[in-house]
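*Asks:* In the UniProt record's numbering, the protein residues as written are 1 to 79. Cβ coordinates follow ideal geometry from the N, Cα and C atoms, glycine included.
#1: Report the option in 48, 18, 60 and 58 whose CA atom is closest to the CA atom of residue 67.
#2: Identify which residue in 55, 70, 69 and 71 has its Cα closest to the Cα of residue 24.
#3: Quick check on residue 51: buried or exposed, where buried means 16 or more other Cβ atoms within 10 Å of its Cβ?
#4: Here's a check: name, in chain order, each residue in its chain whose Cβ is nearer than 8 Å to the Cβ of residue 29, leaving out the five neighbours to either side.
#5: Less than 9 Å between the beta carbons of residue 58 and residue 45, yes or no?
Rendered as structure tokens:
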């Protein structure tokens, strides 16, 4: 529901297509000790149904591979 409220000209409502080699930006603090913080830039290396493997492309952790699990969000966890 929250993603449906965001209007961006070239992005469909809450529908993102991820591909290997595409840069992504992390929008939440998943694990600050490992460098997984807001605005962390990464490049997707591998995709599964439940997991994204990405390589950190900026900061102190450049080159590290990180695993990002599927996260289910609700409007109560976003606000």
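*Replies:* On the basis of the coordinates in this document:
#1: 48
#2: 55
#3: exposed
#4: 36, 37 and 38
#5: no
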